[in-house]
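Numbering (the UniProt record's numbering), first residue to last: 1 to 404. From the three backbone atoms N, C-alpha and C, an ideal C-beta is built for every residue, glycine too.
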């Protein structure tokens, strides 16, 4: 049996209507054997079988194609109907009825929409049965047309599935490449930033010190991009964002430090802090501050340049809430569901800094903690990104820390 025929058997096996078709044929005609056959120039293979006659053929079973009437149908593309082979003028001396010991027989061609021949739907019995001139032939020919459509639908679905599988495999290779590349870049970037920081402290010439500081700033920015790439790869490859969960007693100071760092980078903007008593939260301190940094950076980039960015954090009996609010042009409703997708950017002709991974990584950090990200946006109320972490959430094992 060829690989192509094996694939055709599998296709017929996935078409749920085939057993019902064979059942209807047998019940309507009284014939006790019915099958869907794949017929080629050199082979006859059963793809589906209903046998209460004891014919002895199962799915995958083969007949010598030249001994079958289906071989003739492949040439003529015409239905064959026999009521009683031993008395039929055309087939009384034919070898097929004698070899397979049938009297009544009907077989219709299954033709694809392009006219190519797939095989037949056939039925037979050792007893004679009146078939000619009845509704049996048009019924089975309708079944054959239906089956041809189903076959092509299954083939199309398989091609799509193979293409998706190939694309997923390629995407995984790309993401693994990103992960390896990001990992290998960390050490040289650390050396660059450490060296630049040391030079900036030791150099006395203002021009040389400015160059060293510029190198340090660029190195730190590159380090952030590499971190984003690694977090993206972990999220996409299924490992998830790694966490180191500990009670964080200095969380208010950590959140305030993030805001002050961004305030220094954007001295013309106003960042308002409203941080409550959130110390002692069980979380990954570095990841929570990374989440907040991404949200503030997003608000500074897309919010009203004249309006403040407000950071609020609170802890009550049931939840930890961390939010960032800004005024500005509201986010379009159709864009809201896409904001936390990787590489998501607003539709704009202006170039945007970064990789477009900030909100995606923020969501992955929230999910890794067992929390969720939410966003609301309107012209009146402004845009509000919120991280909500239930205190009573089921604790799940954190992913192991990434090796450096």
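Annotation note: the segment 57 to 131 contains the following uninterrupted beta strand (DSSP E) runs of length 3 or greater, listed N- to C-terminal: 80 to 82, 104 to 111 and 117 to 125.
When the alpha-carbon of residue 266 is set against those of 309, 335 and 59, the nearest one is in 309. Bridge partners of residue 378 according to DSSP: 382. With respect to the 8 Å criterion, residue 140 and residue 108 are classified as neighbours on the basis of their beta carbons.
If you draw a 10 Å sphere on the C-beta of residue 219, you find 16 or more other C-beta atoms in it, and that means buried. Counted as a single uninterrupted DSSP element, the alpha helix (DSSP H) harbouring residue 302 occupies residues 285 to 302.
The residue from 307, 382 and 288 with its alpha-carbon nearest to that of residue 373 is 288.
By the CB criterion at 8 Å, residue 241 and residue 294 fall outside the cutoff. Residue pairing of residue 324 in beta bridges, as defined by DSSP: 311 and 385. For residue 19 and residue 129, the gap between their C-alpha atoms comes out near 22 Å. Note on residue 125: 16 or more other CB atoms within 10 angstroms of its CB, so buried under the neighbour-count rule. Runs of alpha helix (DSSP H) with 4 or more residues, each lying fully within the segment 11 to 58, are found at 17 to 29, listed in chain order.
By the neighbour-count criterion, in which 16 or more other beta carbons inside 10 Å mark a residue as buried, residue 10 falls on the exposed side. A straight-line Cα-Cα distance of about 21 Å links residue 314 and residue 262. Under the DSSP assignment, residue 274 falls in the beta strand (DSSP E) whose first and last residues are 271 to 275.
Between residue 65 and residue 36, the CB-CB gap reaches or exceeds 8 Å. Scanning 243, 281 and 303 for the CA closest to the CA of residue 253 turns up 281. If you check the CB distance, residue 62 and residue 43 come in under 8 Å. With contacts defined as CB atoms closer than 8 Å, residue 136 and residue 68 fail to qualify as a contacting pair. If you check the CB distance, residue 53 and residue 46 do not come in under 8 Å. In this structure, residue 230 sits away from residue 369, with a CB-CB distance that is not shorter than 8 Å. Rounded to the nearest whole angstrom, the CA to CA distance from residue 214 to residue 227 is 20 Å.
Straight through space, the alpha carbons of residue 112 and residue 118 are spaced by roughly 7 Å.
For residue 337, no beta strand (DSSP E) segment is defined, and its DSSP state is neither H nor E.
Take the alpha-carbon of residue 147 and the one of residue 328: they are about 58 Å apart. Straight across, the Cα-Cα distance linking residue 192 with residue 217 is about 10 Å. Judged by their CB atoms, residue 298 and residue 198 are not nearer to each other than the 8 Å cut-off. Shown here for residue 152: same chain residues with a beta carbon closer than 7 Å to its own, the five before and five after excluded, namely 112 and 113 in chain order.
Remark: C-beta atoms of residue 371 and residue 384 do not approach each other more closely than 8 Å. Sequence-distant Cβ neighbours of residue 311 in its own chain, meaning closer than 6 Å and more than five residues away, are 259, 273 and 324. Residue 282 has 247 as its beta-bridge partners, per DSSP. The Cβ neighbour count for residue 290, taken over all protein chains shown within 10 Å, is at least 16; the residue is labelled buried. A straight-line Cα-Cα distance of about 11 Å links residue 166 and residue 173.
The beta carbons of residue 196 and residue 171 sit no closer together than 8 Å. Per the coordinates, the alpha-carbon of residue 340 lies some 18 Å from the alpha-carbon of residue 224. In the DSSP assignment, residue 372 is bridged to 388.
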